[in-house]
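Participant:
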Amino acid sequence: MNIDTKLISVAEGLFDNHGFNSTGMDRLAQAAGISSRTLYKHAGSKNELIAAVLMTRGQRFLQRLEVDSVEALFDALAGWMCEEGARGCLFLRAQGELCSAVPEVTEAVLAYKARFAETVAQILTRQLGTNADAELVEQIVILIEGATAAASYRGMEAVASARKAASLLVGRARQ
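Just so we're aligned: the sequence shown equals residues 1 to 175 in full-length UniProt numbering.
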């Protein structure tokens with residue numbers, strides 16, 4: 001594993017488990033087993049590192065969504081949560097902690113959320129056999145966002161409930 005890959009992996013774990021503001025660069029360097037100088041050389045600023053972590057995590061999650069139905073999308077979400085944990089969306093947690101004060105993070109969040117919505121639209125189009133209605137895409141995205149947040153305190157039942165609601169919406173769209 002090269003240093004950039006290791007650094008992003010370590011940073012993702014710390015940010016995910018301890019938050020963005022409470023994870024300092026010294027802690028990141030120590031956890032990665034590198035000097036502060038090496039950390040800054042490879043990561044740039046903390047904000048750049050956060051944006052890189054979000055981009056990498058987003059790519060990893062979106063790769064899991066190469067599915068052909070909304071039901072399979074929720075199954076992929078459940079699988080992700082079983083492996084990664086159900087602590088809510090890391091992107092929304094970053095936005096919430098850092099607000100709009102960090103443009104690199106805001107840009108990463110907005111870019112990911114746009115790609116995610118496009119992915120949902122593509123899945124719906126494959127499932128329905130026609131272009132998905134923008135309102136249906138938005139409804140499914142909101143169900144996924146809600147399930148992701150609610151799973152942190154309701155467990156996987158939140159994902160199962162959202163999956164059922166999404167399936168009903170898709171069924172209505174077919175009529």
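Beta carbons are placed, not taken as given, at the ideal position from N, Cα and C, and that holds for glycine.
1. Counting Cβ pairs closer than 8 Å, one from the segment 158-175 and one from the segment 104-119, do we hit at least three?
2. May I ask which residues mark the beginning and end of the alpha helix (DSSP H) holding I123?
3. Can you give me the Cβ contacts of Q139 inside the same chain, cut-off strictly under 7 Å, excluding the 5 residues immediately before and after it?
4. On the premise that R57 lies in contact with W80, defined as a C-beta separation below 8 Å, what is that separation, rounded to the nearest angstrom?
5. To the nearest angstrom, how far is the alpha carbon of residue 189 from that of E145?
6. For N131, which three-state DSSP category applies?
7. Return the CA-CA distance between G19 and Q175, expressed in angstroms with no decimal places.
8. So which of D75, G85, G96 and E84 has the shortest CA-CA distance to V159?
9. Between the segment 84-100 and the segment 11-29, do three or more beta carbon pairs fall short of 8 Å?
10. Determine whether the beta carbon atoms of A165 and L136 lie at a separation below 7 Å.
11. Any idea what DSSP makes of D68, helix, strand or coil?
12. The alpha helix (DSSP H) spanning R93 covers which residue range?
13. Which full runs of the alpha helix (DSSP H) of 4+ residues lie inside the segment 145-174, going along the chain?
14. Using CA atoms only, rank isn't needed, just tell me which of A101, D68 and C82 is closest to A151.
15. Using CA coordinates, which residue listed in Q127, V141 and E97 is at the minimum distance from R115?
16. According to DSSP, simplified to helix, strand and coil, what is T23?
17. Helix, strand or coil for N17? Go by DSSP, reduced to three states.
Facilitator: For this structure:
1. Using a C-beta cut-off of 8 Å, the segment 158-175 makes no contact with the segment 104-119, since fewer than three inter-stretch Cβ pairs fall below that distance.
2. As a working note, residue 123 is residue 123 in the sequence shown. Going by DSSP, I123 is part of the alpha helix (DSSP H) stretching over P103 to L128.
3. On the sequence shown, residue 139 is found 139 positions in, with the first residue counted as 1. If we look at Q139 and ignore the five residues flanking it on each side, its Cβ neighbours are L169.
4. For the purposes of this step, residue 80 is identified with residue 80 of the sequence shown, where counting begins at 1. For the purposes of this step, residue 57 is identified with residue 57 of the sequence shown, where counting begins at 1. Taking 8 Å as the upper bound for CB-CB distance, W80 and R57 are not in contact here, some 10 Å apart.
5. There is no way to answer for residue 189, as the model of the chain reaches only from 1 to 175.
6. Taking the sequence shown and counting its residues from 1, one reaches residue 131 at position 131. DSSP places N131 in coil when its eight states are reduced to three.
7. Position 19 of the sequence shown, counted from the first residue, corresponds to residue 19. Position 175 of the sequence shown, counted from the first residue, corresponds to residue 175. One alpha carbon belongs to G19, the other to Q175, and they sit about 45 Å apart.
8. Within the sequence shown, numbered from 1, the residue matching residue 159 stands at position 159. Taking only the C-alpha atoms, the option nearest V159 is D75.
9. A contact exists between the segment 84-100 and the segment 11-29.
10. Position 165 of the sequence shown, counting from 1, holds the residue named residue 165. Position 136 of the sequence shown, counting from 1, holds the residue named residue 136. Contact annotation: A165 and L136 have beta-carbon atoms that are not nearer than 7 Å.
11. In the sequence shown, counting from the first residue as 1, residue 68 sits at position 68. D68 falls in the coil class under three-state DSSP.
12. Walking along the sequence shown from the start, residue 93 turns up at place 93. L90 to L98 is the span of the alpha helix (DSSP H), which, as asked, contains R93.
13. DSSP runs (the alpha helix (DSSP H)) wholly in the segment 145-174: 157-174.
14. For this step, residue 151 is matched to residue 151 along the sequence shown. Ranking the options by Cα distance to A151, first place goes to C82.
15. Translated into the one-based positions of the sequence shown, residue 115 becomes position 115. Cα-wise, what sits closest to R115 is V141.
16. Here residue 23 refers to the residue found at position 23 of the sequence shown. In this structure, T23 counts as coil in the three-state DSSP scheme.
17. Counting from one through the sequence shown, the residue named residue 17 turns up at place 17. Correct three-state label for N17: helix.
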